[in-house]
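Protein chains: 2
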Amino acid sequence: MLFKSIGKNFLISVIPKLIRYAKAFYMLIAEFFIMAVIGVDVGGHAIKAGIVTKKGTVLDKEVVLTEPEKGRETVVNNIINVIKDLLRIDKNISSIGIGVPGVVTRKGYISYTPNIPLANFDLGKAIRKKIRKKIIFGNDADNFALAKYHFGAGKSYETIVCLTLGTGIGSGIILKGKLFSKDGAPELGHMTIKYDGAKAKCCGNDGCIESYIGRKRFSRSPLEVYKKALAGNKQALKKFENYGKLLGVAISNFVNIFNPDAVILGGQMSNAYNLFRKTMEEEIKKRTIFKTRVVKSKMREAGMIGAAVLAF
Amino acid sequence: MLFKSIGKNFLISVIPKLIRYAKAFYMLIAEFFIMAVIGVDVGGHAIKAGIVTKKGTVLDKEVVLTEPEKGRETVVNNIINVIKDLLRIDKNISSIGIGVPGVVTRKGYISYTPNIPLANFDLGKAIRKKIRKKIIFGNDADNFALAKYHFGAGKSYETIVCLTLGTGIGSGIILKGKLFSKDGAPELGHMTIKYDGAKAKCCGNDGCIESYIGRKRFSRSPLEVYKKALAGNKQALKKFENYGKLLGVAISNFVNIFNPDAVILGGQMSNAYNLFRKTMEEEIKKRTIFKTRVVKSKMREAGMIGAAVLAF
Chain H
1 MLFKSIGKNF LISVIPKLIR YAKAFYMLIA EFFIMAVIGV DVGGHAIKAG
51 IVTKKGTVLD KEVVLTEPEK GRETVVNNII NVIKDLLRID KNISSIGIGV
101 PGVVTRKGYI SYTPNIPLAN FDLGKAIRKK IRKKIIFGND ADNFALAKYH
151 FGAGKSYETI VCLTLGTGIG SGIILKGKLF SKDGAPELGH MTIKYDGAKA
201 KCCGNDGCIE SYIGRKRFSR SPLEVYKKAL AGNKQALKKF ENYGKLLGVA
251 ISNFVNIFNP DAVILGGQMS NAYNLFRKTM EEEIKKRTIF KTRVVKSKMR
301 EAGMIGAAVL AF
Chain C
313 MLFKSIGKNF LISVIPKLIR YAKAFYMLIA EFFIMAVIGV DVGGHAIKAG
363 IVTKKGTVLD KEVVLTEPEK GRETVVNNII NVIKDLLRID KNISSIGIGV
413 PGVVTRKGYI SYTPNIPLAN FDLGKAIRKK IRKKIIFGND ADNFALAKYH
463 FGAGKSYETI VCLTLGTGIG SGIILKGKLF SKDGAPELGH MTIKYDGAKA
513 KCCGNDGCIE SYIGRKRFSR SPLEVYKKAL AGNKQALKKF ENYGKLLGVA
563 ISNFVNIFNP DAVILGGQMS NAYNLFRKTM EEEIKKRTIF KTRVVKSKMR
613 EAGMIGAAVL AF
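Chains as they are written, first to last, in my numbering: chain H, 1 to 312; chain C, 313 to 624.
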């Protein structure tokens with residue numbers, strides 16, 4: 001009788017309860033280990049978005065063209081659509097981090113962005129109209145630094161200077177474990193390294209780094225020059241040697257200012273690392289007061305992962 | 313009878329108690345308002361020490377020669393003696409802050425100082441042997457920034473870059489209310505502003521600011537050039553114009569990096585501010601991405617007061 005009653009109770013009330021508790025426990029663990037957010041990296045050419053876990057793993061991703069030439073509305077729609085696509089895959093996601101190449105508030109007001117038609121525009125408001133989630137914005141180079149610091153080459157360091165070498169030179173700085181960012185600063189890409197040097201087309205700052213080693217200085221596309229250099233073309237090799245020398249001067253300045261544990265290089269041009277490494281290191285050795293190490297980033301999707309860090 | 317008893321009690325026990333309480337209260341207030349420490353600024357030429365209140369007021373001070381040419385022992389004794397003199401004036405002082413032009417730990421180990429024979433030496437230990445008080449060390453340019461931030465021209469700002477223009481160029485940075493300092497950094501004085509420029513005699517960094525506008529670039533003593541300029545000597549005026557231009561290039565770089573609320577100039581050479589101001593401002597206007605203001609420090613004894621801040 002007693003046994004029967006226990007058996008009945010067990011079936012009717014305890015088992016479903018146990019199942020519920022087990023499920024709750026599983027969800028708790030799952031959330032702890034695989035809680036994911038969406039990270040979006042808005043670039044001049046492409047928008048890269050992904051579902052990123054707390055551990056920095058990209059579970060799923062999508063890349064679409066930015067299409068800046070089609071105007072603001074198209075760009076905004078492209079961003080919204082890529083986020084919606086990812087939200088269809090995982091409906092539980094509650095936060096989204098978005099990186100923009102320019103000066104942006106955490107809420108998404110963009111006061112400056114040179115390569116996309118989103119300057120002086122409240123991108124945050126436009127996206128929130130369509131997507132009712134928590135959305136946080138940040139600068140793309142800052143996000144690169146955050147990704148490096150949390151999951152990448154900067155993981156074991158406290159103070160890092162990150163440079164993204166592309167069309168321009170982006171920069172993000174982590175000082176003693178904290179991102180340093182102030183209304184668009186740091187803007188390391190336009191530091192003067194030769195005050196009476198090349199007339200600036202970018203910032204008004206004659207002889208700035210970017211006017212020397214920005215992608216525009218390569219008379220033809222960098223990829224073409226890169227291929228020629230790999231094939232042994234002396235002129236192409238010389239270009240990368242010079243690139244290394246000037247980048248080395250700039251890095252030395254940053255080292256003397258911040259005394260960083262490491263300088264981390266990313267961006268498209270960093271793929272030619274082996275071609276400019278030697279001259280860069282020579283210059284750094286000669287010019288720095290403090291010791292540091294320069295590391296080439298191996299992390300793919302750093303922009304996307306860094307944007308996700310904003311949302312954690 | 314009752315009255316008599318109260319009167320007696322009053323005289324015997326209450327009045328002394330009241331006096332004791334009043335005195336304790338007075339001491340509490342006094343301590344709150346005029347708690348003082350000793351601040352010591354060890355320079356290449358002179359040691360300036362003072363009794364400084366929490367409000368940044370110098371109650372008493374003493375200046376002695378550093379005498380670096382007489383060797384380490386003399387310098388150490390000069391520092392100890394000047395502190396002892398001030399302790400004789402106010403025996404209640406329990407903390408001492410000391411600024412050194414070089415790389416120093418908070419406990420007082422000096423790993424680098426170019427102009428005084430105290431490099432690779434535990435100055436803290438040597439002083440503690442003779443003076444049993446709480447003693448904290450810091451870099452002199454950092455202290456200048458602390459003084460500015462707490463009591464001077466930087467008081468109303470959150471992020472400031474301070475430059476001391478003297479024989480060399482010292483630098484201290486307050487970022488969002490906190491001193492940024494890392495094992496000798498920031499070392500802004502040796503930033504390259506012309507990578508193929510003047511051969512460096514200071515840091516190995518060809519074309520660094522200091523090699524352009526350090527005091528050594530003035531063929532005769534700056535004071536003499538200053539007097540000549542004031543008297544209208546064209547060559548002397550030209551020197552200061554050039555000084556302003558190059559300082560402006562350097563300041564622009566710092567502005568683009570830190571986006572500071574203000575840049576504060578101190579040190580002996582800043583006395584010629586009016587002679588180099590115009591060219592400096594022209595250069596800054598041309599080269600900066602962010603807006604800032606440049607302020608000439610009016611605070612006397614900033615090094616001493618900043619050293620005192622360490623001890624509060």
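Built from N, CA and C at the ideal position, the CB exists for glycine as well.
This one's a predicted model, so the numbers in the text were calculated from it and none came from an experiment.
{"Check": "Does C/Lys645 have its Cβ less than 8 Å from a Cβ in chain H?", "Outcome": "In this structure chain C extends from 313 to 624, so residue 645 of chain C is not present and cannot be described."}
{"Check": "Tell me, which residues are paired with H/Val309 by DSSP?", "Outcome": "For H/Val309, which the question treats as bridged, DSSP gives no partner whatsoever."}
{"Check": "When you compare each of C/Ile485, C/Ile363, C/Met581 and C/Gly519 to H/Ser252 by their alpha carbons, which one comes out closest?", "Outcome": "C/Gly519"}
{"Check": "Looking at the unbroken beta strand (DSSP E) that takes in C/Ile392, where does it start and where does it end?", "Outcome": "That residue, C/Ile392, is in no beta strand (DSSP E); its alpha helix (DSSP H) goes Arg384 to Ile401."}
{"Check": "From this set, C/Lys467, C/Leu399, C/Gly484 and C/Lys366, which residue's C-alpha is nearest C/Pro413's C-alpha?", "Outcome": "C/Gly484"}
{"Check": "Does C/Thr591 come within less than 8 Å of chain H when only Cβ atoms are used?", "Outcome": "no"}
{"Check": "If we count the other Cβ atoms within 10 Å of its Cβ and call it buried at 16 or more, is C/Val354 buried or exposed?", "Outcome": "buried"}
{"Check": "Look up H/Gly248 in the DSSP assignment and say whether it is helix, strand or coil.", "Outcome": "helix"}
{"Check": "Tell me, please, whether the CB atom of C/Glu499 is closer than 8 Å to any CB atom in chain H?", "Outcome": "yes"}
{"Check": "Reducing DSSP to helix, strand and coil, say where C/Leu430 ends up.", "Outcome": "coil"}
{"Check": "Report yes or no: do three or more beta-carbon pairs, one from the region 491-501 of chain C and one from the region 597-617 of chain C, lie closer than 8 Å?", "Outcome": "no"}
{"Check": "Please check if any C-beta of chain H sits within less than 8 Å of the C-beta of C/Lys494.", "Outcome": "yes"}
{"Check": "Pop quiz: H/Gly124 and H/Tyr109 are said to be a contact at Cβ under 8 Å. What is the actual Cβ separation, rounded to whole angstroms?", "Outcome": "6 Å"}
{"Check": "Counting only runs of 4+ residues fully inside the region 430-494 of chain C, write out the alpha helix (DSSP H) ranges in chain order.", "Outcome": "435-442 and 452-463"}
{"Check": "Assign C/Tyr507 to one of three DSSP states: helix, strand, or coil.", "Outcome": "coil"}
{"Check": "Should H/Asp140 go down as buried or exposed, given a rule of 16 or more other Cβ atoms within 10 Å for buried?", "Outcome": "buried"}
{"Check": "To the nearest angstrom, report how far apart H/Ala311 and H/Arg20 are at their CA atoms.", "Outcome": "29 Å"}
{"Check": "According to DSSP, simplified to helix, strand and coil, what is H/Glu241?", "Outcome": "helix"}
{"Check": "Cβ closer than 8 Å: which chain H residues qualify as neighbours of C/Ala564?", "Outcome": "At residue 564 of chain C the sequence reads Ser, which differs from the Ala that was named. Result: Thr192 and Asn205."}
{"Check": "If distances are taken between C-alpha atoms only, which option among H/Leu230, H/Gly303 and H/Phe258 comes closest to H/Asn363?", "Outcome": "Nothing can be reported for residue 363 of chain H: it is not among the residues displayed for chain H, which extend from 1 to 312."}
{"Check": "Under 8 Å, CB to CB, which of the residues in the region 566-588 of chain C have a partner in chain H?", "Outcome": "Asn568, Ile569, Phe570 and Asn571"}
{"Check": "Just tell me which of C/His462, C/Ala562 and C/Arg444 has its CA closest to the CA of C/Gly615.", "Outcome": "C/His462"}
{"Check": "Just checking, does the region 560-574 of chain C make contact with the region 462-480 of chain C on the three C-beta pairs under 8 Å criterion?", "Outcome": "yes"}
{"Check": "Where H/Val75 and C/Glu594 are concerned, what is the direct C-alpha to C-alpha distance, given to the nearest angstrom?", "Outcome": "39 Å"}
{"Check": "Return the residues of the region 596-607 of chain C that lie within a Cβ-Cβ distance of less than 7 Å from chain H, sorted by chain order.", "Outcome": "Lys598, Arg599, Ile601 and Phe602"}
{"Check": "Tell me the DSSP secondary structure of C/Ile576 in three-state form.", "Outcome": "strand"}
{"Check": "Closest to H/Ile116 by C-alpha separation, out of H/Glu73, H/Ser181 and H/Ile80, would be which residue?", "Outcome": "H/Glu73"}
{"Check": "Of the residues H/Pro114, H/Tyr212, H/Ser270 and H/Gly232, which one's Cα is nearest the Cα of C/Lys506?", "Outcome": "H/Tyr212"}
{"Check": "Could you tell me whether any Cβ in chain H is nearer than 8 Å to the Cβ of C/Leu349?", "Outcome": "Per the sequence shown, the amino acid found at residue 349 of chain C is Val instead of Leu. No, its Cβ sits nowhere closer than 8 Å to a Cβ of chain H."}
{"Check": "At a Cβ threshold of 8 Å, is C/Leu542 touching chain H?", "Outcome": "no"}
{"Check": "Just the chain C side, please: which residues come within less than 8 Å of H/Thr159 by C-beta, in chain order?", "Outcome": "Lys494"}
{"Check": "What residues from chain C crowd round H/Leu175, counting only those whose CB sits closer than 7 Å?", "Outcome": "Phe492"}
{"Check": "For H/Glu217, name the three-state secondary structure that DSSP assigns.", "Outcome": "The amino acid occupying residue 217 of chain H in the given sequence is Arg; Glu does not appear at that position. H/Arg217: helix per DSSP, three-state reduction."}
{"Check": "Inspect the beta-carbon positions of C/Leu559 and C/Phe530 and report whether they are closer than 8 Å.", "Outcome": "no"}
{"Check": "Counting only C-beta atoms, is C/Tyr507 closer than 8 Å to chain H at any point?", "Outcome": "yes"}
{"Check": "Using the rule of at least 16 other Cβ atoms within 10 Å of the residue's Cβ for burial, across every protein chain shown, is H/Val37 buried or exposed?", "Outcome": "buried"}
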